[in-house]
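Engineer: The following block contains the structure, expressed as C-alpha cells.
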Amino acid sequence: MKIDLAGRRALVTGAGHGIGAAIAVALARAGADVAVHHGHSAGPAAEVASAIETLGRKTVVRQADLTRTSEVADLVGEATSFLGGLEILVCNAGGMVGRSPVAEMTDEHYAQVVDLNLGATFRTVRAAIPHLRAAGTAGRVITMSSLAAHNGGGAGSAVYAAAKAGVRGLTKGLAKELATTGTTVNAVAPGFIGGTAFHETFTPAQTQETIIAGVPLGRGGRSEDVAGAVVWLASEAASYVTGATIDIDGGAWFR
Numbered sequence: 177m178k179i180d181l182a183g184r185r186a187l188v189t190g191a192g193h194g195i196g197a198a199i200a201v202a203l204a205r206a207g208a209d210v211a212v213h214h215g216h217s218a219g220p221a222a223e224v225a226s227a228i229e230t231l232g233r234k235t236v237v238r239q240a241d242l243t244r245t246s247e248v249a250d251l252v253g254e255a256t257s258f259l260g261g262l263e264i265l266v267c268n269a270g271g272m273v274g275r276s277p278v279a280e281m282t283d284e285h286y287a288q289v290v291d292l293n294l295g296a297t298f299r300t301v302r303a304a305i306p307h308l309r310a311a312g313t314a315g316r317v318i319t320m321s322s323l324a325a326h327n328g329g330g331a332g333s334a335v336y337a338a339a340k341a342g343v344r345g346l347t348k349g350l351a352k353e354l355a356t357t358g359t360t361v362n363a364v365a366p367g368f369i370g371g372t373a374f375h376e377t378f379t380p381a382q383t384q385e386t387i388i389a390g391v392p393l394g395r396g397g398r399s400e401d402v403a404g405a406v407v408w409l410a411s412e413a414a415s416y417v418t419g420a421t422i423d424i425d426g427g428a429w430f431r
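Reminder that position 158 of the sequence shown reads as 334 in my numbering, one-by-one numbering, no gaps.
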C-alpha cells in the first residue's frame with residue numbers, strides 16, 4: 177500500500193537524530209512538508225532538513241526547550257506559520273536522562289525525567305490543539321511511549337518507564353478530547369531500536385546483545401521500523417484508529 181501525505185504539514189519533535197530523524201524523512205517521502213525540531217543537535221537537524229529538501233518537500237528547523245511553555249508555544253507557532261498549517265504532530269522528543277535506582281534518585285532527576293517525557297508531550301500537544309482542530313479530520317497526533325511502559329524498563333529506569341506509561345495514558349485521554357473534531361491521537365511503543373543515541377549512551381553492548389537474543393523476531397529494531405508505523409498512523413488508512421498504542425518491539429512484549 178502506497179501512503180500519500182501530499183499537502184499535509186507535520187511537526188516532529190526530537191527530529192535531529194535517531195527515531196525522530198527517520199520519522200521526519202519518512203513523512204517527507206510520503207509527501208508531507210515537515211518542520212524539524214531539535215533540542216541540542218543543530219548540525220544533525222540541518223542534515224535531516226537537507227534530506228527532506230532533497231525529496232522536494234518544504235522544511236524548517238527550529239530549536240526549543242520543550243520543558244519551557246513559552247518556547248513550546250513559539251516552536252508550534254513558528255512551524256505552523258512557516259508550513260501554512262499543521263495536520264500532523266509527532267511528539268518524539270524524550271529521553272532517560274540517566275539510569276538511577278529509585279532509592280538513590282534525587283527529586284531533581286525525577287522531575288527532569290518526567291518533564292522531558294510526559295511534560296514535553298503535554299505542552300506540545302496543548303500548544304498545537306487549535307491548529308489540529310482547524311485541520312478537522314486530517315488532524316493526527318502520534319506520541320512516543322515505550323516497551324518500558326509495559327514492563328517497567330531495565331535497571332535504573334523505573335521513573336522513565338512511569339513517564340512513558342503516563343504518555344500512553346495521556347494519549348488515550350487526548351483521543352477522547354479531540355475526537356469531536358476528527359483528530360486522532362495514537363502512540364507507538366518501541367522496544368529495542370539499535371543504532372540510536374539512547375541505547376548507545378545508556379545500554380552497554382553486552383546488554384544490547386542479551387536484549388536482542390530475547391526478541392522473538394530475532395533482531396533488533398531499526399528507526400525505520402518505527403517511522404513506518406508513524407506514517408501509517410498519519411495517513412487516511414488509519415482514520416478510524418484512535419487511542420491505540422502500537423507496540424514495535426519484534427514481539428518482545430508478548431513473548
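Ideal Cβ positions, reconstructed from N, Cα and C, are used throughout, including at glycine.
Just checking, does the segment 273-288 make contact with the segment 226-241 on the three C-beta pairs under 8 Å criterion?
Structural biologist: no
Engineer: Is it buried or exposed, residue 188, if we count other Cβ atoms within 10 angstroms and call 16 or more buried?
Structural biologist: Here residue 188 refers to the residue found at position 12 of the sequence shown. Label assigned to residue 188: buried.
Engineer: Quick one: grab the DSSP three-state call for residue 344.
Structural biologist: Here residue 344 corresponds to residue number 168 of the sequence shown, with the count starting at 1. Reduced to three states, the DSSP call for residue 344 is helix.
Engineer: Can you tell which of 206, 297 and 260 has the C-alpha that lies nearest to the C-alpha of residue 363?
Structural biologist: For the purposes of this step, residue 363 is identified with residue 187 of the sequence shown, where counting begins at 1. Here the closest residue by C-alpha is 297.
Engineer: Please check the pair residue 199 and residue 366, which I expect to be a contact at CB under 8 Å, by giving their CB distance rounded to whole angstroms.
Structural biologist: Along the sequence shown, read from residue 1 onward, the residue named residue 199 stands at position 23. Along the sequence shown, read from residue 1 onward, the residue named residue 366 stands at position 190. 11 Å between Cβ atoms; not a contact.
Engineer: Would residue 341 and residue 391 be called neighbours here (beta carbons separated by less than 8 Å)?
Structural biologist: Along the sequence shown, read from residue 1 onward, the residue named residue 341 stands at position 165. Along the sequence shown, read from residue 1 onward, the residue named residue 391 stands at position 215. No, the Cβ-Cβ distance between residue 341 and residue 391 is not below 8 Å.
Engineer: Assuming residue 317 is part of the beta strand (DSSP E), what are its boundary residues?
Structural biologist: Taking the sequence shown and counting its residues from 1, one reaches residue 317 at position 141. Looking at the DSSP string, the run of the beta strand (DSSP E) that includes residue 317 is 316-320.
Engineer: Among 316, 202 and 211, which residue has its Cα nearest to the Cα of residue 412?
Structural biologist: Counting from 1 along the sequence shown, the entry for residue 412 is found at position 236. Nearest option by C-alpha distance: 316.
Engineer: Over what stretch of residues does the alpha helix (DSSP H) that includes residue 309 continue unbroken?
Structural biologist: By 1-based counting over the sequence shown, the position of residue 309 is 133. Here the alpha helix (DSSP H) through residue 309 covers 296-311.
Engineer: Measuring CB to CB, does residue 370 end up less than 8 Å from residue 396?
Structural biologist: In the sequence shown, residue 370 corresponds to position 194, counting from 1. In the sequence shown, residue 396 corresponds to position 220, counting from 1. Contact: yes.
Engineer: Three-state secondary structure (DSSP) at residue 428?
Structural biologist: Numbered from 1 along the sequence shown, position 252 holds the residue referred to as residue 428. The three-state secondary structure of residue 428, taken from DSSP, is coil.
Engineer: Determine the closest residue to residue 354 out of 387, 274, 309 and 212, with distance taken between C-alpha atoms.
Structural biologist: Your numbering for residue 354 matches position 178 in the sequence shown. Of the listed residues, the one whose Cα sits closest to residue 354 is 309.
Engineer: Excluding the 5 residues flanking residue 398 on each side, which residues of the same chain have their C-beta closer than 6 Å to its C-beta?
Structural biologist: Looking up residue 398 in the sequence shown gives position 222. Excluding residues within five positions, none has a Cβ falling inside 6 Å.
Engineer: Using three-state DSSP, classify residue 423 as helix, strand or coil.
Structural biologist: Residue numbering aside, residue 423 sits at position 247 when the sequence shown is read from its first letter. Residue state, collapsed to three classes: strand.
Engineer: For residue 431, which residues from the same chain have a beta carbon less than 6 Å from its beta carbon, with the 5 sequence-adjacent residues on both sides left out?
Structural biologist: Counting from one through the sequence shown, the residue named residue 431 turns up at place 255. Bear in mind that a pLDDT of 48 at residue 431, under 50, signals an unreliable position, so the number given afterwards is only what the model happens to contain. Result list for residue 431: 392, in chain order.
Engineer: Expressed to the nearest angstrom, what Euclidean distance is found between the alpha-carbon atoms of residue 291 and residue 179?
Structural biologist: By 1-based counting over the sequence shown, the position of residue 291 is 115. By 1-based counting over the sequence shown, the position of residue 179 is 3. Going by the C-alpha atoms only, they are around 34 Å apart.
Engineer: For residue 324, which option in 293, 265 and 183 has the closest C-alpha, if you only look at C-alpha atoms?
Structural biologist: Taking the sequence shown and counting its residues from 1, one reaches residue 324 at position 148. Taking only the C-alpha atoms, the option nearest residue 324 is 293.
Engineer: Within 10 Å of its beta-carbon, does residue 263 have 16 or more other beta-carbons around it, so buried, or fewer, so exposed?
Structural biologist: Along the sequence shown, read from residue 1 onward, the residue named residue 263 stands at position 87. Buried: at least 16 other Cβ atoms inside 10 Å.
Engineer: Taking the straight line between their C-alpha atoms, what separation do you get for residue 336 and residue 272?
Structural biologist: Reading the sequence shown from its first residue, position 160 is the one you call residue 336. Reading the sequence shown from its first residue, position 96 is the one you call residue 272. For residue 336 and residue 272, the distance between alpha carbons rounds to 6 Å.
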